[in-house]
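Okay, structure first, notes after.
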Amino acid sequence: MITRIQIIKRYFRSLFDLKGSQEDEVETDREVREGVIFKGKNLWLLAFAIFISCIGLNINSKAAVIGAMIISPLMGPIFGIGFSLGVSDLDLLKVSIQNALRIVLISLVVATIYYLITPYAIATDELLSFSHPTIFDVLLAFLGGMAGFIAISRHNGTQVLIGVAVATSCIPPLCTASFGLATLQWEYFVGGLYTYFINALFICVGAYLIVKYLKFAPHSNTNVKHVNSWFGILIFLAVIPAMYLAYNFAIVNIFTSKANQFVTNEIDSKYHVVQTKIDFKNKLIEVDVTVEKYDKQLQNLIEKQLQETDLKDSKIRIYQTIEAGKSNREELDKLNNELQLLKSEIQKINSKK
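Letter by letter, the sequence shown follows residues 890 to 1242 in this note's numbering.
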């Protein structure tokens, strides 16, 4: 029995083993250090990626935004921070932070110039979507960081890194922040920077945990507990706003879902709903319907039905549009008959000539 248990344990260990396919630690260390350095080719690639992302956000093109995230080389310093913390390399940590800050400054400058000179600097839905991060963005960044560093520690992990760059979305938030800066809309500026910061931070956390799990040899005997403690405090402070935004996001979605369900079940089943507008902030539901004849009691009837649901604290407004061709059908038929009579009389007159 003991032998069977040992065989099962050995099987699962081999199944989930990360060390077996891992490349040499020296090779991984070299790759991380090369990715941290940000100049020359990487600088040009970042500038191109920023421009492509700005254009994509301007025209609501997901393909262009995804392409920009794939081109962008900004993941290097972020993984460098997580790796340096994991191997207690303070020199690499300083260089990684310096290059990460350089990336942010260059991205903000390039994107701000774009939004200042372009005549199409408008707040599109795609652009604004990167100004309100939630706990779900934290989770994506955390999992992306772990997946990314596993890829770095393998011989062929390029495809995984491309997927991580797309999933964690670090480039678009910087474009959103630049749009806010160029148009002096500070909500977007702060929201974009916070989104980028929280993505980068939790990519670092994911990478740090994988480095520890793979038991990379420390580069220094110096105790860096004080650095890790500050890092932990930073994580805690960063995640609080994201949790709050996630809570608000959930509340808005619940209200919107209930409102749409009410409109579908109570209004659309009896009347033709043309348009529905839901305002969570004012707890207002506006519904446009088409009717054969104006109904004075319709507003009161729908309000009473609303009071019997979970939305009793909300307000509803019904806008009625009389559908042409139904209420005036008799008049139209009468006019059509008269027109046919006139045509027949004209034909008779023409035939006598």
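Heads up, the beta-carbon is just placed ideally off N, CA and C, and yes, glycines get one too.
{"Item": "Can you find the residues in the same chain that come closer than 7 Å, C-beta to C-beta, to V921, ignoring five residues on each side of it along the sequence?", "Value": "F968, G969, F972 and I1041"}
{"Item": "Along the beta strand (DSSP E) that carries I1174, what are the first and last residues, could you check?", "Value": "L1173 to V1180"}
{"Item": "Applying the criterion that 16 or more other CB atoms from any shown protein chain within 10 Å of the CB defines a buried residue, is P1008 buried or exposed?", "Value": "exposed"}
{"Item": "Jot down the residue ranges of each uninterrupted alpha helix (DSSP H) in the stretch 975–1058, minimum 4 residues, whole runs only, in chain order.", "Value": "979–1006, 1014–1017, 1024–1041 and 1047–1057"}
{"Item": "Does DSSP put Q1186 in a helix, a strand or coil?", "Value": "coil"}
{"Item": "Could you please give me the residues that DSSP links to D1168 through a beta bridge?", "Value": "L1173"}
{"Item": "Shortest alpha-carbon distance to A1000 belongs to which of P1061, H1021, V984 and S977?", "Value": "P1061"}
{"Item": "Pull up the DSSP beta-bridge partners for H1161, would you.", "Value": "T1179"}
{"Item": "For S942 versus V925, is the C-beta spacing smaller than 7 Å?", "Value": "no"}
{"Item": "Alpha carbon to alpha carbon, how far is K1159 from L1231? Give it in angstroms, no decimals.", "Value": "41 Å"}
{"Item": "Are the CB atoms of S1020 and Y1097 nearer to each other than 7 Å?", "Value": "no"}
{"Item": "At what residues does the beta strand (DSSP E) containing T1153 begin and finish?", "Value": "T1153 -> no beta strand (DSSP E), and no H or E assigned at all."}
{"Item": "Identify, in the order they occur along the chain, each residue of the same chain with its Cβ nearer than 7 Å to the Cβ of L1200, setting aside the five sequence neighbours on each side.", "Value": "K1147, A1148 and F1151"}
{"Item": "Using CA coordinates, which residue listed in G956, V1176 and K1166 is at the minimum distance from D1157?", "Value": "V1176"}
{"Item": "Does the distance between the C-beta of F1138 and the nearest non-hydrogen atom of the ligand COA fall short of 6 Å?", "Value": "By its list of ligands, the structure shown contains no ligand whatsoever, and the ligand COA lies outside what it can speak to."}
{"Item": "Taking just the CA atoms, how far does L935 sit from V993?", "Value": "10 Å"}
{"Item": "If you follow the alpha helix (DSSP H) that K930 is part of, which residue opens it and which one closes it?", "Value": "K930 to N947"}
{"Item": "Would DSSP call Q1229 helix, strand or coil?", "Value": "helix"}
{"Item": "Looking at C-alpha atoms only, which residue of N1189, S961, G965 and Q1229 is the closest neighbour of I1092?", "Value": "G965"}
{"Item": "Tell me where the alpha helix (DSSP H) around T1210 begins and ends.", "Value": "Premise fails: T1210 lies in the beta strand (DSSP E), K1204 to I1211, not in any alpha helix (DSSP H)."}
{"Item": "Label V1027 either buried or exposed according to how many other C-beta atoms from any shown protein chain fall within 10 Å of its C-beta, with 16 as the threshold for buried.", "Value": "buried"}
{"Item": "What residue range does the alpha helix (DSSP H) around E923 cover?", "Value": "E914 to V925"}
{"Item": "Helix, strand or coil: which one does DSSP assign to Q1074?", "Value": "coil"}
{"Item": "Please work out which residues of its chain come closer than 8 Å, Cβ to Cβ, to F1038, disregarding the five sequence neighbours upstream and downstream, and give them in chain order.", "Value": "F968, G971, F972, G1095, A1096, I1099 and V1100"}
{"Item": "Just checking my contact of A1089 with A989 at CB under 8 Å: how many whole Å lie between their CB atoms?", "Value": "7 Å"}
{"Item": "Based on Cα-Cα distance, which residue from D918, I894 and D913 lies nearest to H1108?", "Value": "D918"}
{"Item": "When you compare each of F937, Q1186 and F1144 to T1198 by their alpha carbons, which one comes out closest?", "Value": "F1144"}
{"Item": "Here's a check: name, in chain order, each residue in its chain whose Cβ is nearer than 8 Å to the Cβ of D986, leaving out the five neighbours to either side.", "Value": "One detail in the question is off: residue 986 reads as Ile in this sequence, not Asp. So the qualifying residues of the chain are P966 and I970."}
{"Item": "Could you check where the alpha helix (DSSP H) with K1201 kicks off and where it finishes?", "Value": "Premise fails: K1201 is in no alpha helix (DSSP H) and is neither H nor E."}
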